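**Q** In terms of the working numbering, the sequence shown opens at residue 28 and continues consecutively.
The beta-carbon is built from N, C-alpha and C at its ideal position, and this holds for glycine as well.
Being a predicted model, the structure only gives us computed values, none of them experimental.
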Amino acid sequence: QLRAIGVTNTVMMTGDSDRTAAAIARQVGIDQYFSEVLPEDKAEYVQKAKAEGHTVVMIGDGINDSPALSAADVGINSGAAIAREIADITIKADSLEELVQLKSIANAMQRRVASNYRFVLSFNSALIILGALGILQPATSAMLHNLSTIGISLKSMTNLLPEKTQSQLQQENTKA
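1) Can you confirm whether the region 66–77 touches the region 45–54 when touching is taken to mean that 3 or more C-beta pairs between the two stretches lie within less than 8 Å?
2) Could you please give the first and the last residue of the uninterrupted beta strand (DSSP E) stretch that includes Gln59?
3) Any idea what DSSP makes of Met184, helix, strand or coil?
4) Can you give me the C-alpha to C-alpha distance between Ser93 and Ile116, rounded to a whole angstrom?
5) Could you name the residues that DSSP lists as bridge partners for Val38?
6) Taking Cβ positions, are Lys130 and Ile57 nearer each other than 9 Å?
7) Does Asn104 pass the burial test, meaning 16 or more other C-beta atoms within 10 Å, or should it be called exposed?
8) When you compare the CB positions of Glu83 and Val101, do they come within less than 9 Å of one another, or not?
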C-alpha cells in the first residue's frame, strides 16, 4: 500500500535482534532493515538520508525514537507520550493503515490544488485578454470571473477520494 501511494524506499530500524528484524522485514516487504540499533544511530541515519537529498518520514512509537523523529522531515508517532511532543503527526491507531489513507488524501488534495490553479490562471488570463481586446465588457468579465470562482469552490467541496476507496477504507477500519 505504501508503494502504491508513492513511497519508494522503506527502512526498518529496530533494537530487536537480527533474526527478529529479518523475519518481520521479509513478512511486510521492507526494502532495508537494521537491527540492534541504538536511538542515536536512528537519528544519524535520518540525518544522513536527508543530507543525501531524501525526504524522510520517520515513524516511531517509543521514547528512544524521539531523536530520529525530530531529525526527520516528518515525524509520525503512535506511542509514547514524550515522543508525541516531538512528532509532527500523532496517530492513535494500532495500525499504520491510516497513514496510507492520510497520504492518499494529501496526494488528491495536491492534484486538486494544481488543477484549480491551472484553471483559474488560464480562465482569468483569457478574461483579461478578451477584455483588453474589447470583446468582453467589464461587467460580463466580472460576472464570468465570479461564476468561475463559485464553480471552483463547489468543485473543491467534493470528495477527494473516490466513493469506492472511501467505503473500502471504512470497511477496513471497522474490521480492525
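**A** Taking the geometry as given:
1) no
2) 59–61
3) coil
4) 13 Å
5) Gln59
6) no
7) buried
8) It is worth fixing the name first, because residue 83 is Val in this sequence and not Glu. Cβ atoms of Val83 and Val101: closer than 9 Å.
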